[in-house]
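K.L.:
Please find one structure pasted underneath; my questions will follow.
Residue numbers (the numbering used here), protein chains in the order written: chain A, 4 to 599; chain B, 38 to 328.
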């Protein structure tokens with residue numbers, strides 16, 4: 004991105020920004036496909052003729068129109084963080100247009116589908132792509148402003164008035180978040196044979212959401228909201244919980260989406276647990292899903308399922324607790340080699356543990372896992388006389404099957420978040436972070452690093468075990484196949500993608516990584532390819548994760564697009580080299596140092 | 038040995054006896070003895086590669102000496118850095134080793150780790166006692182930051198501090214462990230004269246709080262104006278030990294730092310040429326440019 008800076012002379016920045024915006028507007032109104040695709044008409048009237056019905060624009064075309072209009076307004080109006088806003092709008096427009104065009108061209112059998120065939124013209128996608136690029140170039144020609152820092156005193160109000168104003172602002176912000184979550188879940192509908200366009204529609208929507216959030220971030224609004232919510236922590240937590248409970252009452256409240264949301268919740272809880280190990284203590288764990296599996300199999304054996312060998316039937320809360328504890332014990336066992344190995348070697352040890360668990364479960368060693376035939380027929384959780392797989396009626400609304408699991412998992416995720424936050428802001432959490440930062444220095448501060456590392460593994464494993472217990476009841480089957488290496492990698496990716504060491508990061512990462520495959524179903528074999536590409540792009544352009552830690556944000560700040568950073572990095576490298584040389588001079592200490 | 042014997046055991050805080058450290062075939066330290074009296078400042082100088090940092094690593098349990106013992110108030114120190122710190126020996130590092138991505142305050146709070154009592158359960162539930170402990174720790178940490186002259190920088194990320202401030206933060210972090218003995222490894226490396234003077238005053242103030250200090254430094258002027266006794270380490274052995282004046286005037290120290298006078302070197306070279314041997318002579322004078 005930094006190479007695009009200064010590509011245009013500054014004088015041309017404004018005209019180009021306007022041209023980009025107008026191109027996006029025109030693109031929205033041009034037809035996007037020359038003919039009806041074989042799988043049925045592309046959504047949002049892609050074959051609509053030029054200006055046929057400008058007021059009936061929906062979906063991605065409406066989003067492109069919105070970005071075009073916003074770009075033009077932002078160019079002329081005194082917008083805070085103007086260049087950043089324009090850049091985000093440009094990237095958003097580019098992403099929407101490119102994704103849609105590529106898909107239509109792919110399905111329609113070539114470039115003809117998005118250019119001209121039999122006297123039909125459809126240049127919407129191409130114009131959109133050009134509009135996006137022009138906007139990005141225009142933004143690159145403007146001086147890059149700092150992200151504005153808005154005061155958390157809303158309208159400068161103080162005392163109670165200020166607090167209420169802040170609450171109102173937060174309510175609006177969270178309602179918007181709820182709406183965005185609901186849209187993200189349902190946009191494009193359920194993928195698969197029934198609706199072949201769910202994938203691209205969803206990806207294009209992600210482009211829109213990304214552009215929108217980028218623009219809001221550039222204006223300093225997301226930072227302002229997050230500071231507001233930090234200052235009104237209790238209020239924010241309550242409202243966020245209410246929002247989570249309100250989700251089933253929105254359009255996303257169907258059986259399918261509730262199931263997806265509950266699955267996301269399970270993985271989010273697991274990812275937060277992994278975040279303790281990886282994000283806080285800095286221990287790379289490649290076999291983490293095994294703890295989810297241990298929790299799952301313990302719960303399966305205590306659920307009274309006919310197929311399980313133990314076959315005890317104990318109340319769910321107790322079974323969940325036992326699952327968590329037993330997973331925690333295994334966590335301590337796996338953690339103990341960490342006393343001797345570091346870094347890459349630790350990753351290999353954990354990888355091996357994950358594989359041992361997988362193979363043990365597959366071969367039913369100890370007859371606790373059912374082997375290849377798994378443990379089917381696990382009854383649903385039953386509490387207070389209600390089976391969790393029944394639909395319920397709340398406030399006069401019939402809520403679908405699975406909604407109780409969703410509510411339960413919301414509560415569990417909230418509890419797991421509280422555990423993570425409390426541990427992070429304590430003596431123990433600081434010790435973990437210190438170990439991550441510099442293990443030798445941490446030991447020199449008197450921290451018993453061995454104990455602390457085992458404790459980190461234990462805490463992470465306990466949370467995963469708890470999640471596993473819910474997972475297995477929700478699914479009804481405990482199969483070794485749910486706990487393969489790929490799952491560990493995906494969880495790790497969720498943590499790193501979302502932002503190491505933060506709660507929203509882990510939740511967002513888990514949501515993305517477990518929604519994307521669901522949404523990209525009709526890409527079939529290509530979906531993992533698309534998925535992988537998405538990961539590479541995010542990591543290339545946002546290495547600190549989507550919701551970075553306050554400190555990691557600072558760490559990467561210089562490297563993103565600011566330009567001047569290169570010299571700083573070089574300067575630092577030279578300095579480090581000098582330090583290294585100095586250390587080598589102090590020869591006798593070298594042998595032990597090298598082993599570090 | 039003789040120096041250690043001169044003092045009565047009562048006011049000797051830290052005592053290293055015959056410490057030998059061998060890495061493979063390399064003898065980094067050979068029978069090094071050092072004693073530190075209550076409320077004193079001892080300097081450790083010597084050319085690069087003399088084994089000063091190695092000695093620190095032996096004193097703090099990072100290395101287990103091949104032979105010899107290290108005692109704190111007459112009790113043998115364990116060979117575990119964490120336990121050594123709990124016993125009351127804190128250190129800083131030659132190439133600053135803060136926790137770069139933690140804030141200034143958090144760095145000092147990590148130093149408070151061993152003086153805090155919160156276990157996993159308290160950390161999980163954050164009860165009233167947890168909050169009290171946390172508040173006290175923060176209070177104490179802020180006092181220490183003020184003591185070293187880093188007030189109002191609590192939430193700054195450590196890596197963003199200027200070099201001199203990072204050194205002071207490292208000292209504050211070490212002080213947070215409530216040590217009896219503080220080991221400073223080149224505390225003024227890379228500092229300008231004003232900062233060096235401030236560091237000197239800071240070390241005096243630390244001494245005045247009752248903490249005994251050992252300082253490694255290349256800057257001989259700094260060491261001679263700071264320390265009560267100075268040990269000169271050359272090639273893993275204590276060459277000279279005594280008051281700054283004695284050490285400064287000792288011809289062997291001058292030789293170790295600056296090399297022999299030209300005539301002598303030429304004489305020995307001629308001799309070597311005559312006997313066909315290569316003569317290795319002491320360390321170079323490169324250190325002096327730091328001073």
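Every residue, glycine too, gets a C-beta built ideally from N, C-alpha and C.
Please report how far the alpha carbon of residue 78 of chain A lies from the alpha carbon of residue 186 of chain A, in whole angstroms.
P.N.:
By one-based count along the first chain, residue 78 of chain A stands at place 75. By one-based count along the first chain, residue 186 of chain A stands at place 183. If you take the alpha carbons of residue 78 of chain A and residue 186 of chain A, they lie about 28 Å apart.
K.L.:
In or out: residue 45 of chain A buried (at least 16 other Cβ within 10 Å) or exposed?
P.N.:
Locating residue 45 of chain A in the first chain gives position 42, where the first residue counts as 1. Its Cβ being crowded by 16 or more others within 10 Å, residue 45 of chain A is buried.
K.L.:
Can you pull out the residues from the segment 270-282 of chain B whose beta carbon lies closer than 8 Å to at least one beta carbon of chain A?
P.N.:
273
K.L.:
Fully enclosed by the segment 238-285 of chain A, which alpha helix (DSSP H) runs are 4 residues long or longer?
P.N.:
258-278
K.L.:
Name the chain C residues that come within less than 9 Å of residue 436 of chain A, Cβ to Cβ?
P.N.:
No chain C appears in this structure, whose protein chains are A and B.
K.L.:
Could you check the C-alpha separation between residue 286 of chain B and residue 273 of chain B for me, to the nearest Å?
P.N.:
Taking the first residue of the second chain as position 1, residue 286 of chain B is located at position 249. Taking the first residue of the second chain as position 1, residue 273 of chain B is located at position 236. Each residue's alpha carbon lies about 21 Å from the other.
K.L.:
In terms of residues, what are the limits of the alpha helix (DSSP H) holding residue 254 of chain B?
P.N.:
Mapped onto the second chain, residue 254 of chain B falls at position 217. Segment: none, residue 254 of chain B is in no alpha helix (DSSP H) and carries neither H nor E.
K.L.:
Please classify residue 52 of chain B: does DSSP put it in a helix, a strand, or coil?
P.N.:
Your numbering for residue 52 of chain B matches position 15 in the second chain. In this structure, residue 52 of chain B counts as strand in the three-state DSSP scheme.
K.L.:
Reducing DSSP to helix, strand and coil, say where residue 94 of chain B ends up.
P.N.:
By one-based count along the second chain, residue 94 of chain B stands at place 57. It is helical.
K.L.:
Assuming residue 308 of chain A and residue 378 of chain A make a contact with CB atoms under 8 Å, what is their CB distance in whole Å?
P.N.:
The count along the first chain starts at 1 and reaches residue 308 of chain A at position 305. The count along the first chain starts at 1 and reaches residue 378 of chain A at position 375. So it is a contact: roughly 6 Å between Cβ atoms.
K.L.:
What residues of chain B sit near residue 430 of chain A, judged by a beta carbon separation below 7 Å?
P.N.:
As a working mapping, residue 430 of chain A is identified with position 427 in the first chain. Per Cβ cutoff of 7 Å: 150, 153, 155 and 160.
K.L.:
Compute the Euclidean distance between the alpha carbons of residue 121 of chain A and residue 471 of chain A, then round it to the nearest angstrom.
P.N.:
Within the first chain, the letter at position 118 stands for residue 121 of chain A. Within the first chain, the letter at position 468 stands for residue 471 of chain A. If I take the Cα positions, the gap works out to 57 Å.
K.L.:
Does the pairing of the segment 139-147 of chain A with the segment 9-21 of chain A give three or more beta-carbon distances under 8 Å?
P.N.:
yes
K.L.:
Kindly say whether residue 442 of chain A, judged by its beta-carbon, lies nearer than 8 Å to any beta-carbon of chain B.
P.N.:
Counting from 1 along the first chain, the entry for residue 442 of chain A is found at position 439. Not one chain B Cβ lies under 8 Å of residue 442 of chain A.
K.L.:
Whose Cβ in chain B lies nearer than 7 Å to the Cβ of residue 459 of chain A?
P.N.:
Within the first chain, numbered from 1, the residue matching residue 459 of chain A stands at position 456. Here the premise fails: no neighbours, minimum Cβ distance about 11 Å.
K.L.:
Judging by CA-CA distance, which residue of A/236, A/137 and A/222 is the nearest neighbour of residue 19 of chain A?
P.N.:
Against the first chain, residue 19 of chain A aligns to sequence position 16. Of A/236, A/137 and A/222, the residue nearest in Cα terms is A/137.
K.L.:
For residue 117 of chain A, which residues in chain B fall below 7 Å Cβ to Cβ?
P.N.:
Taking the first residue of the first chain as position 1, residue 117 of chain A is located at position 114. The contacting residues do not exist; residue 117 of chain A stays about 47 Å from chain B at best.
K.L.:
Please state whether DSSP places residue 374 of chain A in a helix, a strand or coil.
P.N.:
As a working note, residue 374 of chain A is residue 371 in the first chain. Helix.
K.L.:
Can you pull the chain B residues whose beta carbon is under 8 Å from the beta carbon of residue 451 of chain A, in chain order?
P.N.:
If you number the first chain from 1, residue 451 of chain A lands on position 448. The contacting residues are 119.
K.L.:
Between the segment 478-496 of chain A and the segment 350-362 of chain A, do three or more beta carbon pairs fall short of 8 Å?
P.N.:
yes
K.L.:
Using a beta-carbon distance below 8 Å, is residue 335 of chain A in contact with chain B?
P.N.:
Taking the first residue of the first chain as position 1, residue 335 of chain A is located at position 332. The Cβ of residue 335 of chain A sits no closer than 8 Å to any Cβ of chain B.
K.L.:
Strictly below 8 Å CB to CB, what residues from chain A border residue 214 of chain B?
P.N.:
Your numbering for residue 214 of chain B matches position 177 in the second chain. Result: 448 and 449.
K.L.:
Tell me which same chain residues have a C-beta within less than 6 Å of the C-beta of residue 157 of chain A, skipping the five on either side of it?
P.N.:
Against the first chain, residue 157 of chain A aligns to sequence position 154. Excluding its 5 nearest sequence neighbours in each direction, residue 157 of chain A has C-beta neighbours in its own chain below 6 Å: 168, 169 and 172, listed in chain order.
K.L.:
Ignoring anything shorter than 3 residues or poking outside the segment 139-193 of chain B, list the beta strand (DSSP E) runs there in chain order.
P.N.:
Segments of the beta strand (DSSP E) lying fully in the segment 139-193 of chain B: there are none.
K.L.:
Per the contact definition of three or more C-beta pairs closer than 8 Å, is the segment 208-222 of chain A in contact with the segment 80-92 of chain A?
P.N.:
yes
K.L.:
Count the other CB atoms within 10 Å of the CB of residue 129 of chain B; is the residue buried (16 or more) or exposed (fewer)?
P.N.:
As a position in the second chain, residue 129 of chain B is number 92, starting the count at 1. Buried, since its Cβ has 16 or more Cβ neighbours within 10 Å.
K.L.:
Anything in the segment 407-429 of chain A with a Cβ closer than 7 Å to a Cβ of chain B? List those residues in chain order, please.
P.N.:
422, 425, 426 and 429
K.L.:
When burial is assigned at 16 or more other CB atoms within 10 Å of the CB, is residue 315 of chain A buried or exposed?
P.N.:
Here residue 315 of chain A refers to the residue found at position 312 of the first chain. The residue in question, residue 315 of chain A, is exposed, as its Cβ has fewer than 16 Cβ neighbours within 10 Å.
K.L.:
With distances taken Cα to Cα, identify the nearest neighbour of residue 80 of chain B among B/284, B/266, B/223 and B/137.
P.N.:
Position 43 of the second chain, counted from the first residue, corresponds to residue 80 of chain B. Selected option, being the one with the closest Cα: B/266.
K.L.:
Would you say residue 210 of chain A and residue 102 of chain A are within 8 Å of each other, going by their C-beta atoms?
P.N.:
Start at 1 with the first residue of the first chain, and residue 210 of chain A comes out as number 207. Start at 1 with the first residue of the first chain, and residue 102 of chain A comes out as number 99. Contact: yes.
K.L.:
Any beta-carbon of chain A closer than 8 Å to the one on residue 123 of chain B?
P.N.:
Here residue 123 of chain B corresponds to residue number 86 of the second chain, with the count starting at 1. Closer than 8 Å: yes.
K.L.:
With a threshold of 16 other CB atoms inside 10 Å of the CB of residue 416 of chain A, please say whether the residue is buried or exposed.
P.N.:
Numbered from 1 along the first chain, position 413 holds the residue referred to as residue 416 of chain A. Buried, by the Cβ-count rule.
K.L.:
Please decide whether residue 177 of chain B counts as near chain A, where near means a Cβ-Cβ distance under 8 Å.
P.N.:
As a position in the second chain, residue 177 of chain B is number 140, starting the count at 1. No, residue 177 of chain B lies away from the interface with chain A (no Cβ there is under 8 Å from its Cβ).
K.L.:
Give a yes or no on whether 8 Å exceeds the smallest Cβ distance from residue 433 of chain A to chain B.
P.N.:
Mapped onto the first chain, residue 433 of chain A falls at position 430. Answer yes: the Cβ-Cβ gap between residue 433 of chain A and chain B drops below 8 Å somewhere.
K.L.:
With a CB to CB cut of under 6 Å and the five nearest residues on each side skipped, what residues in its chain are close to residue 246 of chain A?
P.N.:
Here residue 246 of chain A refers to the residue found at position 243 of the first chain. The residues are 177 and 181.
K.L.:
Report, in whole angstroms, the separation of the C-beta atoms of residue 223 of chain A and residue 150 of chain A, which I expect to be a contact under 8 Å.
P.N.:
If you number the first chain from 1, residue 223 of chain A lands on position 220. If you number the first chain from 1, residue 150 of chain A lands on position 147. Their Cβ separation, rounded to whole angstroms, is 5 Å, which keeps residue 223 of chain A and residue 150 of chain A in contact under 8 Å.
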